[in-house]
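Just below is one structure, and these are the notes that go with it.
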Amino acid sequence: MGRAAVSGAARPAAAVTFLSALAPHRAADYEWMRAEVLYSRLYMAGHVASDLTAGTLLGDLIGDYELAVSGH
């Protein structure tokens, strides 16, 4: 799977981190959407669990960085 699988999981994680900070009242909705995306990738055998975990961690860090850079 490699780099593509990790970056594929990183995008939704970064989006959830960033959007949850901008609209905290929707954080649970964003988390649910991320879980659905990750589950579908695992269920369809497109990725392995370790790729999804690494991608989620990377995406959370990217989201936090974007928040810090943008002043939020």
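Under our numbering, the first residue of the sequence shown is numbered 779, with each subsequent residue one higher.
Glycine included, every Cβ here is placed at the ideal spot set by N, Cα and C.
How many whole angstroms separate the CB atoms of A787 and G837, which I take to be in contact at a CB cut-off of 8 Å? Indeed they touch by this definition, with Cβ atoms about 7 Å apart.
Is it right to say Y808 is buried, meaning 16 or more other beta carbons lie within 10 angstroms of its own, or is it exposed? Flag for Y808 reads buried.
Within 10 Å of its beta-carbon, does V794 have 16 or more other beta-carbons around it, so buried, or fewer, so exposed? V794 counts as buried, since no fewer than 16 other beta carbons sit within 10 angstroms of its beta carbon.
Does the Cβ-Cβ distance between G827 and L835 come in under 8 Å? For clarity, residue 827 is Ala in the given sequence; the question names Gly instead. Their beta carbons are not under 8 Å apart, which means A827 does not touch L835 by this criterion.
Taking C-alpha atoms, which residue in H803, A799 and L830 lies nearest to E814? Each of H803, A799 and L830 was checked against the Cα of E814, and the nearest Cα belongs to L830.
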